[in-house]
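**Q**
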Amino acid sequence: MNNKMIARILGNILLVEAALLVVPLAVSTLCREPAQPFLIPIALLLVCGTLLSRAAPQSRALYAREGLVIVALAWVVVSLFGALPFYLSHSMPTFADCFFETVSGLSTTGASVLPEVEHLGRGILFWRSFTHWIGGMGVLVFVMAILPMSDGHGMHLLRAEVPGPVVGKLVSRLGDTAKILYGLYFILTFAEIGFLLAGGMPLFDACINAFGTAGTGGLSCRNLSVAAYQNPYFEMVIAVFMLLFGVNFNLYYFLLIGKVRDVLRSEELRVYLIIIGAATLTIAWNISHLYQTFSSALRLSFFQVASLMTTTGYSTADFNEWPTYAKAVLMLLGFCGACAGSTSGGIKLSRVIILCKSAVGDMRQMMHPNAVVPVRIEGRPLNAKVLRSAHVFFTVYILMIAAATLLVSLDGFDILSTFTAVIACMNNTGPGLGMVGPAGNFSAFSSASKYVLSFVMLAGRLELFPMLLLFPSLWRRRSLHH
């Protein structure tokens, strides 16, 4: 294990976090709010980051195991320091609450322990949502975009952090790939801010909602989320951009370089659009009796489908009060998630497609034992490694949900609230059902459960394995391979 190289990269990450905290510090200063909650963490980050970044490794090579460890440690450490502004500003009663809220922001989950948010200072509110924007594309991707990665081994960091079964470089240089991804991220974020401002939304609110949409996180500066504005234009703008951020960012790059056929050939994108259309129409039909007009039901259905499908978690209605069918569909959408290579959570549609096609192929093989039934995506057969990876991921996913549900159930709450709280955190969706529905929050859980749910949120965001590999029992010498 290249410990000095790990320390050096973690040090650089802490220095980047110190720079990022300057933004909410500026917001607090402009709003004449106390600066201490940000100045103290910035000072600590500068000291710790400088000490770690001075590590002088004999080799700068990074392999898969170092990549996984760096990604997991980076997200944990960034979350710990990111919780300090909440703790020092006394925004929440315990450090467990502050850590949970920070992890929820960085992992783009959008689950909250706060029953009221509008009493918070603007600097704290800005940091709370800015964590969405930072975590949406990824902490390490951001670092790779601004700092050079040597020896070409930074690809292990990208694979460990970017969601999806297959991750590759868009261009030959990894740093350029990171710059392209963040360039697209910037463009879409500022486009949304522009559309919201054009509709009359205040600049502060427009930034907060854009950060939540870009990271598909959903933390809002209003207690009633997007419903507080009572504005169909804002709802449609946010819904459309939620869906845009749920698309694989590689497809936007292909559009920019004129590879339109590659975009149209995307099977995952077609399935994504079909599911959105079908879910919107069927839920609108199911809830139409609750509203005066079908158009109102359709609008609310479209927004919630976009929100849950992309695991954003914004709400314009308390879907906890909707019929069982509507709630079941929304929970399943959050479980599936949007496209791989997007900022959304969940299993990812690409994996769902692979698992479904693999199951059909296995059934055909049972009927025709001598037949060769390859699993094809976009006309190309998948190799055995990708298939095995999808099956292993799904198995571990279910096992982790089961284990976390057992641990959280020790708090003694009803099974619906307990189970959907774990599901919402694992899928980075935010709201669940019962007491953690759109009108509820996670404050009632014990500190121990909040740490469990925080781990689950990070595991869901990092696709399980980086967080699991922090456990020493998985690092026995005989199981280590580059």
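Quick note on our numbering: the sequence shown kicks off at 844 and runs consecutively. Note that the Cβ used here is the ideal one computed from N, Cα and C, for glycine as well.
(1) Just to confirm before moving on: does the CB-CB distance between Gly1277 and Thr1263 stay below 8 angstroms?
(2) Tell me whether Arg897 sits in a helix, a strand or coil according to DSSP, three-state version.
(3) Who are the near neighbours of Trp970 in its chain, counting only those whose CB is closer than 7 angstroms to its CB and skipping five residues on each side?
(4) DSSP three-state call for Arg1223: helix, strand or coil?
(5) Please classify Phe1288 as buried or exposed, where buried requires at least 16 other C-beta atoms within 10 Å of its C-beta.
(6) Val865 and Ile885: beta carbons closer than 8 angstroms?
(7) Is it right to say Asn845 is buried, meaning 16 or more other beta carbons lie within 10 angstroms of its own, or is it exposed?
(8) Would you grab the beta carbon distance between Ala1247 and Val1203 for me? Rounded to a whole angstrom, and I think it's under 8 angstroms.
(9) Taking all protein chains shown into account, decide if Gly1275 is buried (16 or more other Cβ within 10 angstroms of its Cβ) or exposed.
(10) What's the call for Cys941, buried or exposed, on a 16-neighbour Cβ count within 10 Å?
(11) Let me know if Ser993 comes out buried or exposed under the rule of 16 or more other beta-carbons within 10 Å of its beta-carbon.
(12) Pick from Gly1303, Leu1230, Tyr1115: whose alpha carbon is nearest that of Ile1241?
(13) Tell me whether Trp1165 sits in a helix, a strand or coil according to DSSP, three-state version.
(14) What's the C-alpha gap between Gln1135 and Leu963?
(15) Can you find the residues in the same chain that come closer than 8 angstroms, C-beta to C-beta, to Glu959, ignoring five residues on each side of it along the sequence?
(16) Could you say which of Gln1208, Arg1223, Gly1222 lies nearest to Val1216 if we only look at CA atoms?
(17) The alpha helix (DSSP H) that contains His1211, what's its start and end?
(18) Could you pull out every unbroken alpha helix (DSSP H) segment of at least 4 residues lying fully inside the stretch 904–969, listed in chain order?
(19) Counting only runs that start and end within the stretch 1136–1212, where is the alpha helix (DSSP H) found for 4 or more residues in a row?
(20) If you follow the alpha helix (DSSP H) that Arg1113 is part of, which residue opens it and which one closes it?
(21) So what's Phe1314 in DSSP terms, helix, strand or just coil?
(22) Could you pull the start and end residues of the alpha helix (DSSP H) that Cys1064 belongs to?
(23) If you check the beta carbons only, do Ala1160 and Leu1143 fall under 8 angstroms apart?
(24) Of the choices Gly978, Gly1188, Ile967, Ile1130, whose alpha-carbon is the least far from that of Val919?
(25) What three-state label does DSSP hand Tyr1134 in the structure shown?
(26) So, with DSSP's three-state summary, where would you put Gly997?
(27) Less than 8 angstroms between C-beta atoms, sequence neighbours within five positions excluded: which residues of the same chain meet that for Ile1266?
(28) Decide if Cys1199 is buried, meaning its Cβ has at least 16 other Cβ atoms within 10 Å, or exposed.
(29) Buried or exposed, going by whether 16 or more other CB atoms sit within 10 Å of the CB of Leu863?
(30) In whole angstroms, what is the alpha-carbon distance linking Val1229 and Val1235?
(31) Applying the 10 Å Cβ sphere with the 16-neighbour rule, what's the burial state of Gln1147?
**A** Straight from the coordinates:
(1) Position 434 of the sequence shown, counted from the first residue, corresponds to residue 1277. Position 420 of the sequence shown, counted from the first residue, corresponds to residue 1263. The answer is yes: Cβ separation under 8 angstroms.
(2) Locating residue 897 in the sequence shown gives position 54, counting from the first residue. If DSSP states are grouped into helix, strand and coil, Arg897 belongs with coil.
(3) As a working mapping, residue 970 is identified with position 127 in the sequence shown. Contacts found: Pro867, Pro928.
(4) As a working mapping, residue 1223 is identified with position 380 in the sequence shown. In the structure shown, Arg1223 sits in a strand (DSSP, three-state: E or B).
(5) Residue mapping note: residue 1288 aligns to position 445 of the sequence shown, counting from 1. Under this definition Phe1288 is a buried residue.
(6) For the purposes of this step, residue 865 is identified with residue 22 of the sequence shown, where counting begins at 1. For the purposes of this step, residue 885 is identified with residue 42 of the sequence shown, where counting begins at 1. For Val865 and Ile885, yes; Cβs fall inside 8 angstroms.
(7) Reading the sequence shown from its first residue, position 2 is the one you call residue 845. Classification for Asn845: buried.
(8) Against the sequence shown, residue 1247 aligns to sequence position 404. Against the sequence shown, residue 1203 aligns to sequence position 360. That pair is no contact at about 30 angstroms.
(9) Numbered from 1 along the sequence shown, position 432 holds the residue referred to as residue 1275. Classification of Gly1275: buried, given that the 10 Å Cβ count is 16 or more.
(10) As a first step, residue 941 must be located in the sequence shown, where it is residue number 98. Burial call: buried.
(11) In the sequence shown, the residue the question calls residue 993 occupies position 150. Since pLDDT at Ser993 reaches only 48, below the 50 mark, its modelled position is unreliable, and the value read off the structure follows with that caveat. Under this definition Ser993 is an exposed residue.
(12) Numbered from its first residue, the sequence shown carries residue 1241 at position 398. Residue Gly1303 is the option with its Cα nearest to Ile1241.
(13) Position 322 of the sequence shown, counted from the start, is the residue given in the question as residue 1165. Of the three classes helix, strand and coil, the one that applies to Trp1165 here is coil, per DSSP.
(14) The count along the sequence shown starts at 1 and reaches residue 1135 at position 292. The count along the sequence shown starts at 1 and reaches residue 963 at position 120. Cα-Cα distance, rounded: 36 angstroms.
(15) As a working mapping, residue 959 is identified with position 116 in the sequence shown. Excluding positions up to five away in sequence, the list reads Asn1066.
(16) Position 373 of the sequence shown, counted from the first residue, corresponds to residue 1216. Per the Cα distances, Gln1208.
(17) For this step, residue 1211 is matched to residue 368 along the sequence shown. Premise fails: His1211 is in no alpha helix (DSSP H) and is neither H nor E.
(18) 907–925, 927–931, 938–949
(19) 1137–1152, 1167–1179, 1192–1210
(20) In the sequence shown, the residue the question calls residue 1113 occupies position 270. Per DSSP, Arg1113 belongs to the alpha helix (DSSP H) from 1110–1130.
(21) In the sequence shown, the residue the question calls residue 1314 occupies position 471. Coil at Phe1314, not helix or strand.
(22) Residue numbering aside, residue 1064 sits at position 221 when the sequence shown is read from its first letter. Premise fails: Cys1064 is in no alpha helix (DSSP H) and is neither H nor E.
(23) Translated into the one-based positions of the sequence shown, residue 1160 becomes position 317. Translated into the one-based positions of the sequence shown, residue 1143 becomes position 300. Contact flag set, yes.
(24) For this step, residue 919 is matched to residue 76 along the sequence shown. Minimum Cα distance to Val919 is reached at Gly978.
(25) Translated into positions along the sequence shown, residue 1134 becomes position 291. Here Tyr1134 sits in coil by DSSP.
(26) Counted from its first residue, the sequence shown places residue 997 at position 154. With a pLDDT of 48 at Gly997, under the threshold of 50, the modelled position of that residue is not reliable, and the figure given next carries that caveat. Three-state result, Gly997: coil.
(27) The residue you call residue 1266 lines up with position 423 of the sequence shown. Excluding residues within five positions, the ones whose Cβ falls inside 8 angstroms are Met1174, Gly1177, Phe1178, Ile1244, Thr1272, Gly1275.
(28) For this step, residue 1199 is matched to residue 356 along the sequence shown. Exposed.
(29) Residue 863 sits at position 20 when you count from the first residue of the sequence shown. So Leu863 counts as buried.
(30) By 1-based counting over the sequence shown, the position of residue 1229 is 386. By 1-based counting over the sequence shown, the position of residue 1235 is 392. In a straight line, the C-alpha of Val1229 is about 10 angstroms away from that of Val1235.
(31) Here residue 1147 refers to the residue found at position 304 of the sequence shown. So Gln1147 ends up on the buried side.
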